[in-house]
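In what follows, a structure is listed as structure tokens, so that the remarks can point back to it.
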Amino acid sequence: MMLVLDLILRLALWLLLAPLLPGLINRVKAWVAGRRGPPVLQLYYDLARLWRKGVVMSTLASPGFVAGPAVAWVALTGAALLMPLGPAGATVSFRGDVLMLIYLLALARFCTAWAAMETGSAFEGMGAAREVSYAVLAEAAIITAVLSLSVQTGSVSLVTMLAPSAGAGAVLLAAGLFTVLLAENCRVPFDDPNTHLELTMIHEVMVLDHSGPPLAVILHGASMKLLLFAVLLVQAVLPMGDMSPLAATGALAGGVLAVTVGVGLIESLIARLAFRRVPLLLTTAFLLCLFALLVAWKGNRV
Amino acid sequence: MAGPLLLLAFVALVTAILVGVRSSRWWLGLTVAGAVAGLGAALTVLLGAADWEWRSELSLGGELIHLRLDGVSALFLALLSVVGGTGAVYAQEYWSEQHYPASAPRGRAWWSGLGLCMGLVLVSSNGLHFLIAWELFTVCAYFLITLDRRRREVRAAGWLYLAASHAGTVCLFAFFSTLAARTGSWELGPMREQAGLAPLFWLALAGFGVKAGVFPLHVWLPSAHASAPSHVSAILSGVAIKLGLYGIVRFSGWLPVPAAAGWVVIGLGATSALLGIAFALAQNDFKRLLAYCSVENVGVILTGVGAALLAETNGDAAWGRLALAGALLHVWNHGAFKALLFFSAGSVLHATGTREMSKLGGLWRAMPWTAGLFALGAVAVAGLPPLNGFVSEWLVYLGLFDAVTGRGPAAWAAMPAAIMLAMTGALAMAGFAKAGAMIFLGAPRTKPAAHAHECGPVMRGPMLLLAGLCVLIGLSPVLFWPAVARAVGSWRPAWAVAEAPAPLAMLGAVHVVLAVLMVAAAVWLWRKAHALGLRRGLTWDCGYATPTARMQYTSASFAGIAGGWFRWLLQPERTLRRPRGLFPAEAIRLERVPETVLEKLLGPVSVAVMQVSAAARRLQHGRLQSYVVYVVAGLMALGVLVLLGGAP
Chain E
7 MMLVLDLILR LALWLLLAPL LPGLINRVKA WVAGRRGPPV LQLYYDLARL WRKGVVMSTL
67 ASPGFVAGPA VAWVALTGAA LLMPLGPAGA TVSFRGDVLM LIYLLALARF CTAWAAMETG
127 SAFEGMGAAR EVSYAVLAEA AIITAVLSLS VQTGSVSLVT MLAPSAGAGA VLLAAGLFTV
187 LLAENCRVPF DDPNTHLELT MIHEVMVLDH SGPPLAVILH GASMKLLLFA VLLVQAVLPM
247 GDMSPLAATG ALAGGVLAVT VGVGLIESLI ARLAFRRVPL LLTTAFLLCL FALLVAWKGN
307 RV
Chain C
65 MAGPLLLLAF VALVTAILVG VRSSRWWLGL TVAGAVAGLG AALTVLLGAA DWEWRSELSL
125 GGELIHLRLD GVSALFLALL SVVGGTGAVY AQEYWSEQHY PASAPRGRAW WSGLGLCMGL
185 VLVSSNGLHF LIAWELFTVC AYFLITLDRR RREVRAAGWL YLAASHAGTV CLFAFFSTLA
245 ARTGSWELGP MREQAGLAPL FWLALAGFGV KAGVFPLHVW LPSAHASAPS HVSAILSGVA
305 IKLGLYGIVR FSGWLPVPAA AGWVVIGLGA TSALLGIAFA LAQNDFKRLL AYCSVENVGV
365 ILTGVGAALL AETNGDAAWG RLALAGALLH VWNHGAFKAL LFFSAGSVLH ATGTREMSKL
425 GGLWRAMPWT AGLFALGAVA VAGLPPLNGF VSEWLVYLGL FDAVTGRGPA AWAAMPAAIM
485 LAMTGALAMA GFAKAGAMIF LGAPRTKPAA HAHECGPVMR GPMLLLAGLC VLIGLSPVLF
545 WPAVARAVGS WRPAWAVAEA PAPLAMLGAV HVVLAVLMVA AAVWLWRKAH ALGLRRGLTW
605 DCGYATPTAR MQYTSASFAG IAGGWFRWLL QPERTLRRPR GLFPAEAIRL ERVPETVLEK
665 LLGPVSVAVM QVSAAARRLQ HGRLQSYVVY VVAGLMALGV LVLLGGAP
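Listed in order, the protein sequences are those of chains E and C. FYI, in our numbering the residues of the first sequence are 7 to 308. FYI, in our numbering the residues of the second sequence are 65 to 712.
Okay, structure coming up:
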């Protein structure tokens, strides 16, 4: 009974809270620019509207066009449930769950790219190609970050890996993971979620043809992915295990908020990179994580 | 129990070879019966406790016949039976009598012969017989690759395969004969206490490495897989290259290995994985893409084997078992999904007659079964949950991560290997997103693609069976654990573990939940979309009203970004004709990815060798006068040597 209750609460938290993040980022951007900006809850309204709308599907698309977003959404939700939440721990935790999390994100990416390719549109092909290519570097960075956490804690399970702080390499790790967060969630400087120039986009261009409930599912999944990365980053850096449950919850919430504001600030202050520079920045992220790994290796030997 | 079953399989396959030329129906029955019997024998050994061993009084080539089926060989025999049996059924329609009246009967006989010889390789426990069976299997595979021998590229591919295989076999001759000379007998078996045999491992690694298609030795693999009929590609990729791995696993288990073996094998494995998949991504020929992907998967398996060897030199660490179990499970997994993918590729080839992805597209409408099954195989081969590819890669990862947290010297191999595996995984995902999308999605790019047709039930059945296997291993890995653990126990008796590691059961449970939810969510969203009213419209190409098939992203453009990072390796050859004049008529941009290792490295070297040999050959021309000059010159040189050396 407790388990079911825990699961429902957790799901509710992830599903309901996630769309808040893009709203907050937009608020920060509006504040920096001195505009009023859209309401914080804008994405909720959008999702509700899309959920009621009809669907237009390309004549070329197969049922995979609709199945792709659904599978991707389940994969992202599954990944979210594997992620521990501070003192509450994770729903399911087993040795090696961190690898499952990374590969669930990869599955979500595969399904999104597949659905994008369904339409035979040049733009969407472009977006899918970019998405799967940059993922190579992003995934290398993530696995390196995970390795450094593993070395730090001597564990391969998320709950124990994320409990202590990242130690001496925390700053490096935070910088690396934050860059990966920006790339994986298609934020500036990798991608501009506001632009309407399809040529310059990654994620938005892959969903050009989607409409109605499938688009709602995609948008919701994307916001959940952002929350997931923010939670991962905060827990990797802060020593959640050493705090009292209340303090840990507060730190987690505050940390996620700080990350969100940070994304908003970066989006306001930095221009989008030229596309050929993107691999360079991602390689930098990988190197940051690699140095974090080396620091962890040299640092407190267990 | 295993003995009679193996005898049955032997008799069935020998009969199948004899009747295969005449009757396809009898051949199919006998071959499938042989496969089932072989599978039965393998399972008896894998699920039982005892190995099967048989020594006979009969001698062959002066050596007594000695057969043995233990955990390791039974694991590979099971794979051989499954792929051999399903391939036989598939070939019945794919390479049918009507389409290929000349080569179909030959193909049937060679198919059974190939299965039989590979089985003999797996059970023979005598060096001489191993070599004989190895050579026969190589030759059978050659004749299967060149079934369609009227085509020039097929003959070239077959010839390259034969030459490369024999280069490997030379190493194996050296390996087995030195082994026989050192031990005084051709008998094979565990002999780990004779430490002097350790350097022989390098010979075995080179010889079996060629067959396995480890990265720099893979030169024969892409063209052979691409040019062979698809059911042959499936067994080549699914089983034949695994026999190379079998050799490496077998003899690293039976013989002592040098201290550096683990480092070399894990290095080779990780390099093969990363570079193999980089080549795969850049291909336009989908069968070549699948072939290069085999290089990648062999790399993944060798990474696991290398980690196991490292663990052994690090005091029998527990993580070695996980990595080896992952590697051995990946042998099965790769066999299942690669055979499935080659069967689907064959079905596409059958329907459209082209292997070039840039000429396909939009096939899902004509061939929904093939498209769905290919998509399933693509998810499996990219190592994504909840299918089988993820399970084995996860075990290998877990082994590597435990090696890192163990903080021994092995961590310095495990850390780069884990990072390279992650990049490999992402590249594999990119490669198969590309392959699936270019072949099955979007609009048909050419006429043959527009007029494709679905394959018949006889081809679909084997594909469904293999897909089912992929799903089953993914959802219930615990079911397959005893067999893998048995093989690990045969490799190192000290490593025998009966119980599945606890997280494996958990992984299976999570996979089941995820799979159910994914299917449910997809169906629900599809229904929801229909309930709200689903309208079909043109692809929204940013307002462009008449999108054409030629405007779609192509295979080369899809791979352009990631392929660019490997340009140093791929060395693409470009032909560019820019539009000229006020009214340009045409512009061409062609890009071809060469077989870099073959064309840029081996090619020039062999040309140089041929030139030197040709120059040396000029000395021999049949003119007596010159020969007399050679003799005199030789004598004078000897005289000078004696004078200078001051000999008595």
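Cβ coordinates follow ideal geometry from the N, Cα and C atoms, glycine included. Bear in mind the structure is a predicted one, so any value in this text is a computation, not a measurement.
Close to E/D215, with beta-carbon spacing below 7 Å, are these residues of chain C in chain order: T603, W604.
Here E/V186 really is in contact with E/I148; their C-beta atoms are around 6 Å apart, less than 8 Å. Close to E/W79, with beta-carbon spacing below 7 Å, are these residues of chain C in chain order: A585.
Here DSSP, grouped into helix, strand and coil, assigns C/N378 to coil.
Shown here, E/S171 sits in coil according to DSSP, grouped into three states, outside any helix or strand. Considering only E/M89, E/L294, E/P170, the residue with the shortest C-alpha distance to E/G247 is E/P170. At least one CB of chain E lies nearer than 8 Å to the CB of C/T469. Short of 8 Å from the beta carbon of E/S274, and not among the five residues preceding or following it, lie these beta carbons of its own chain, in chain order: V34, K35, V38, A39. Taking 8 Å as the cut-off, the Cβ atoms of C/F239 and C/A268 count as close.
According to the DSSP assignment, C/I652 belongs to the beta strand (DSSP E) that extends over 652-656.
Note on C/V136: 16 or more other CB atoms within 10 angstroms of its CB, so buried under the neighbour-count rule. By the neighbour-count definition (other C-beta atoms within 10 Å, threshold 16), C/P449 is a buried residue. Using a Cβ distance threshold of 8 Å, C/Y461 and C/A439 do not count as a contacting pair. Within chain C, I483, A486, M487 have C-beta atoms less than 7 Å from the C-beta of E/A146, given in sequence order. In chain order, S408, M527, A531 place their CB closer than 6 Å to the CB of C/L437, counting only its own chain and leaving out the 5 sequence neighbours on each side. In this structure, C/M493 and E/F116 form a Cβ contact; the two beta carbons are roughly 5 Å apart against a cut-off of 8 Å. Chain order gives no chain E residues near C/P480, where near means a beta carbon separation below 8 Å; the closest approach is about 10 Å. C/R385 is outside the set of residues whose beta carbon lies under 8 Å from a beta carbon in chain E. One Cα belongs to C/A569, the other to C/S670, and the distance between them is close to 52 Å.
No Cβ-Cβ contact shorter than 8 Å links C/L405 with C/G463. At a cut-off of 8 Å between beta-carbon atoms, E/R193 makes no contact with chain C. Under the 10 Å beta carbon count, E/H209 is surrounded by 16 or more other beta carbons and is classified as buried. Residue state for C/Y617 is assigned as coil, using DSSP reduced to three classes. Neighbours of C/M431 in chain E, taken as residues whose beta carbon is under 8 Å from its own, are absent, since the nearest beta carbon is some 11 Å off.
Within the DSSP bridge table, the entry for C/D349 names C/E420 as partners. CA-CA distance, E/V240 to E/V152, rounds to 14 Å. Listed in chain order, the beta strand (DSSP E) elements of length 3 or more contained wholly in the stretch 299-353 of chain C amount to none.
In the assembly as shown, C/Y158 is a buried residue. Its beta-carbon has 16 or more other beta-carbons within 10 Å. Taking C-alpha positions only, C/A381 is separated from C/L107 by approximately 28 Å. Secondary structure note for C/T108: its alpha helix (DSSP H) is the uninterrupted segment 88-111.
Contact check for C/G390 and C/E360: beta-carbon distance about 15 Å, past the 8 Å limit, so the pair fails to qualify.
Around E/P220, the beta-carbon contacts reaching into chain C at under 7 Å are L589, A593. Pairing C/A507 with E/V80, the inter-Cα distance amounts to about 28 Å.
Note: C/D605 is bridge-paired with C/Y608 in the DSSP secondary-structure output. What C/F454 touches in chain E, judged by beta-carbon distance under 7 Å, is Y109, going in chain order. When C-beta distances to chain E are compared with 7 Å, the residues of the stretch 492-525 of chain C below that value are M493, A494, A497, G500, A501, L505, G506, A507, in chain order.
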